[in-house]
Amino acid sequence: MRSSSLSSSLSSSRPATLPRPTLSAVAVASLFASLNPAFAADGDVITPPTLSAVDVVGRSASGAYYADEAEGAKTTLPLRELPQSVRVMSRQTLDDLGATRLDDVLDYVGGVSRQNSFGGLWDNIAIRGLPGNENTGMATLLNGFSSNRGFNAPRDLAGVERIEFLKGPAAALYGSSEPGGTLNIVSKKPLWKAAHSVEAYAGSNRLGRAALDTTGPINDRLAYRLNVAVEDRGSFRDHVDAQRQVVAPALTWKLTPDTVLEYTAEFLRHATPLDRGVVAVNNRLGAIPVSRFLGEPADGEVTVRNQTHQLVLSHEWNPDWRSR
């Protein structure tokens, strides 16, 4: 009886029915109404902003800041075709820097650093880490020819047209130089059109300088150029003054239309005390004032006199060959 009662209760049970969701017309209309703005926004056409035109113009380097060849390389090949590292400082660049000495331009040449100048008595640099002779100064070229005979005064730039830094061991092929490279100084040449200029400088530490540059033709076959500079400067160091005088004449004589004789000279006097700088006391700088001169003022000045003469005869055989 207990089992039939259970069977009767199971057969009489019915599964529960869940209520079905229904959508009203108002709800559907509201849904589509809310979606219409999104559909309309996607259909809008976005106009991109109009940018102004940008013109990029490339020009080959030229003019007063650019030199297409290096006289020190002893070739007329353009620098872009020369398999060497050459840095040329033109006259315009020297003027813009206000450079009056070779030492003033070294900070603007890569791979070149200052070396021991024996108290400021001569120039000495290192190219690519290889220094010159600390006892006589570095080897230099003047118009492509060896010019350093030892104990040269610091180079004055009054009569210099440009400076050519020839880097790398290949520079040793062009005369006495260091393995790291050499530098060639090109002097100012006479012009066949009259030009004259006078410059004056004044600066800190009682710097005073005056310079004259005059050039022009004497006749149809002879032209001249004369550069003169006088300088007097003090220093932040006690008892350390420097005076220099420079006279640099030049002549160009056209012997024939294809043959030219050039004479270049420079007379330089440089006077300054021997100043070896400061010392580090117990490996510490600043123990004594940087202005203190450690030499003997009564010893006076060291005077260096340079006299340079060059005579160059050049002949152009044809457009491809020339002898010097």
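32 is the number of the first residue of the sequence shown in my numbering; add one for each residue after it.
Even glycine gets a Cβ: it sits at the ideal position worked out from N, Cα and C.
Assigned exposure category for W348 - 16 Cβ within 10 Å defines buried | exposed
Mark E230 as exposed unless 16 or more other C-beta atoms lie within 10 angstroms of its C-beta, in which case mark it buried.
-> exposed
Alpha-carbon to alpha-carbon, V277 and T295 = 13 Å
Put A69 into one of helix, strand or coil per three-state DSSP.
-> Because A69 carries a pLDDT of 48, less than 50, the predicted location of this residue cannot be relied on, and the following value inherits that uncertainty. Helix at A69.
Just the C-alpha distance for P320 and N314, rounded to the nearest angstrom, thanks.
-> Rounded to whole angstroms, P320 to N314 spans 15 Å at the Cα level.
Pull up the distance between the alpha-carbon of L305 and that of L188, whole angstroms please.
-> A direct Cα-Cα distance of roughly 22 Å separates L305 from L188.
Where the beta strand (DSSP E) through L282 begins and ends = Counted as a single uninterrupted DSSP element, the beta strand (DSSP E) harbouring L282 occupies residues 273 to 287.
Whose CA, out of A279, D251, L172, lies closest to the CA of L243?
-> A279
DSSP state of T167, grouped into three classes?
-> coil
Taking just the CA atoms, how far does P200 sit from S235?
-> Rounded to whole angstroms, S235 to P200 spans 40 Å at the Cα level.
What is the DSSP secondary structure of P80, reduced to helix, strand or coil?
-> coil
For N250, is the classification buried or exposed, using 16 other Cβ atoms within 10 angstroms of its Cβ as the cut-off for buried?
-> exposed
Would you identify the three-state DSSP class for T213, choosing helix, strand or coil?
-> strand
Going by other Cβ atoms of all chains shown within 10 Å of its Cβ, with 16 needed for buried, is R353 buried or exposed?
-> exposed
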